[in-house]
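All remarks here apply to the structure that follows.
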Amino acid sequence: MPLGEVIELRSYRTRSLRDGVPTLTRAFNVEGLTPDVALQVPNIPGYRDPHPDDPTIVARDISAAPRGAGSLVQVTYVPTPYVGYNGPGVNTFEEGFIGKDASFDYEDVELPLFRVVDYVYSENGTATEKAVFEAVDTVVPFRKRVPYHRISLGITFPDAPTLQDVLGLTDLVLSQVDKLHVLPDGKEYVFACEGIDQGSKVTDFNITYRWTRDPGVPNELESSFGPSAGPNLRFLESTVYPVFDSNFLIPPYKGLRIDGNRDPEQPPTVTFFDRYKREPNGWQNLPGIA
203 MPLGEVIELR SYRTRSLRDG VPTLTRAFNV EGLTPDVALQ VPNIPGYRDP
253 HPDDPTIVAR DISAAPRGAG SLVQVTYVPT PYVGYNGPGV NTFEEGFIGK
303 DASFDYEDVE LPLFRVVDYV YSENGTATEK AVFEAVDTVV PFRKRVPYHR
353 ISLGITFPDA PTLQDVLGLT DLVLSQVDKL HVLPDGKEYV FACEGIDQGS
403 KVTDFNITYR WTRDPGVPNE LESSFGPSAG PNLRFLESTV YPVFDSNFLI
453 PPYKGLRIDG NRDPEQPPTV TFFDRYKREP NGWQNLPGIA
């Protein structure tokens, strides 16, 4: 692609609700330019430029980061009244404060593949042919949208906290990181903490929690697959795909490992494993929740 060419990445378009403010996001690939230069390209939206689908929504935040040989520019749009105006001041460290953010991230998943090839070798001067399983160097990329809930809570200690108080607060949070919780909507989410900050008062703290839901990698190829190549393996022409079942290639919250067999004439071994421990009610033990 030509240097400086701008292409909108439609898969990055999202619509979310952040602290009650409708927010739209667009992203652009700028070929061959560094982030600081990419922001100056004429075809990149500027501050307060209207969204192409809704002129009442305008650009507020514009950021750029390296992406391959070029840069990824992301632009967020909000209703006009929220641009250049933050509204009345809110003490995010005050006891009882709750900030809400529901949106999407992206996660790239690579499916390891094998292929059946004919291998010819010489045995006692006689050419012999046999079919063997061979790992494929290239992998199938899959980009999945990963929805999340991000909650900020204000916590106030009755007195100036000691080091032990702060460490105890941190330990309670860390004990739940990377665990699967079942939130009141009845769905499983993996928990993480984005940080703990102290306010202007030594007794005031703000904690940001994040719960992310894994939709898994759906099996969109079920109707195209051929016969089984082995346990959890299906043929698509001569290529062998790992398949959990008719619904998922990789189910939610599972990891995948596929290993070649010692005997190359035998199919590889597919292993699905749990990526996280489950503690359904663990979220109820987090500081500020009760």
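Those letters in the sequence shown? Residues 203 to 492, by our numbering. Ideal Cβ placement from N, Cα and C applies to all residues, glycine included. On a predicted model such as this, the values are computed, not experimentally measured, just so you know.
Could you give the C-beta distance for residue 311 and residue 344, rounded to a whole number, given that I count them as a contact under 8 Å? What you label residue 311 is simply residue 109 of the sequence shown in a count that begins at 1. What you label residue 344 is simply residue 142 of the sequence shown in a count that begins at 1. Cβ atoms of residue 311 and residue 344 come within 8 Å of each other, at about 5 Å.
If we ignore side chains and look at the alpha-carbon of each, how far apart do residue 362 and residue 400 end up? Working through the sequence shown from its first residue, we reach residue 362 at position 160. Working through the sequence shown from its first residue, we reach residue 400 at position 198. For residue 362 and residue 400, the distance between alpha carbons rounds to 12 Å.
Which runs of the beta strand (DSSP E), 3 residues or longer, sit entirely within the stretch 329–399? Listed in chain order, they are 342–358, 381–384.
Any contact of the stretch 269–286 with the stretch 216–232, i.e. 3+ C-beta pairs under 8 Å? Under the Cβ criterion (8 Å, minimum of three pairs), the stretch 269–286 counts as touching the stretch 216–232.
Short of 6 Å in beta carbon distance, which residues of its chain neighbour residue 404, apart from the five on each side in sequence? Order them along the chain. Taking the first residue of the sequence shown as 1, we reach residue 404 at position 202. Within the same chain, residue 404 has close Cβ partners 362.
Between the alpha carbons of residue 240 and residue 263, how many angstroms are there, rounded? Sequence index remark: in the sequence shown, residue 240 carries index 38 (1-based). Sequence index remark: in the sequence shown, residue 263 carries index 61 (1-based). Rounded to the nearest angstrom, the two C-alpha atoms are 15 Å apart.
So, for residue 259: in the same chain, excluding its five sequence neighbours on each side, which residues have a beta-carbon less than 8 Å away from its beta-carbon? For the purposes of this step, residue 259 is taken as the residue at position 57 of the sequence shown. Around residue 259: 224, 226, 252, 253, 279, 280, 281, 282.
Check the C-beta distance from residue 396 over to residue 412 and give it rounded, since I have them as a contact under 8 Å. Counted from its first residue, the sequence shown places residue 396 at position 194. Counted from its first residue, the sequence shown places residue 412 at position 210. The pair is a contact, with the Cβ atoms about 6 Å apart (cut-off 8 Å).
Measure from the alpha carbon of residue 217 to the alpha carbon of each residue in 488, 232, 256, then state which is nearest. Position 15 of the sequence shown, counted from the start, is the residue given in the question as residue 217. Nearest of 488, 232, 256 to residue 217, Cα basis: 256.
Could you tell me which of 484, 427, 261 sits nearest to residue 285, measuring between CA atoms? Taking the first residue of the sequence shown as position 1, residue 285 is located at position 83. Check the Cα spacing between residue 285 and each of 484, 427, 261: the tightest is with 261.
Quick one: grab the DSSP three-state call for residue 426. Counting from one through the sequence shown, the residue named residue 426 turns up at place 224. In this structure, residue 426 counts as coil in the three-state DSSP scheme.
Here's the rule: buried if 16 or more other CB atoms are within 10 angstroms of the residue's CB, otherwise exposed. What is residue 205? By 1-based counting over the sequence shown, the position of residue 205 is 3. So residue 205 ends up on the exposed side.
So, with DSSP's three-state summary, where would you put residue 275? The sequence position of residue 275 within the sequence shown is 73, counting from 1. In this structure, DSSP gives residue 275 an extended state, which the three-state scheme calls strand.
DSSP-derived helix/strand/coil call for residue 445: One-based indexing of the sequence shown puts residue 445 at position 243. In the structure shown, residue 445 sits in coil (DSSP, three-state: anything other than H, G, I, E or B).
If contacts are defined as beta-carbon pairs under 8 Å, then residue 481 and residue 383 qualify, I think. What distance do you get, rounded to the angstrom? Sequence index remark: in the sequence shown, residue 481 carries index 279 (1-based). Sequence index remark: in the sequence shown, residue 383 carries index 181 (1-based). That belief holds up - the Cβ atoms of residue 481 and residue 383 are roughly 7 Å apart, short of 8 Å.
Residue interval of the beta strand (DSSP E) (run including residue 239): As a first step, residue 239 is located in the sequence shown; it is residue number 37 there, counting from the start. Residue 239 -> not in any beta strand (DSSP E); alpha helix (DSSP H) instead, spanning 237–240.
Can you find the residues in the same chain that come closer than 6 Å, C-beta to C-beta, to residue 288, ignoring five residues on each side of it along the sequence? Here residue 288 refers to the residue found at position 86 of the sequence shown. Since pLDDT at residue 288 reaches only 49, below the 50 mark, its modelled position is unreliable, and no value is offered.
Could you check which residue in 342, 318, 340 has the C-alpha nearest to that of residue 331? Along the sequence shown, read from residue 1 onward, the residue named residue 331 stands at position 129. If we check each option's Cα against that of residue 331, 318 comes out closest.
Since I believe residue 490 is in contact with residue 315 (beta carbons under 8 Å), could you give me their beta-carbon distance rounded to a whole number of angstroms? For the purposes of this step, residue 315 is identified with residue 113 of the sequence shown, where counting begins at 1. For the purposes of this step, residue 490 is identified with residue 288 of the sequence shown, where counting begins at 1. Between residue 315 and residue 490, the beta carbon gap of about 45 Å keeps them out of contact (Cβ cut-off 8 Å).
Would you tell me roughly how many angstroms separate the C-alpha atoms of residue 430 and residue 444, rounded to the nearest one? Reading the sequence shown from its first residue, position 228 is the one you call residue 430. Reading the sequence shown from its first residue, position 242 is the one you call residue 444. Answer to the nearest angstrom: the Cα atoms are 10 Å apart.
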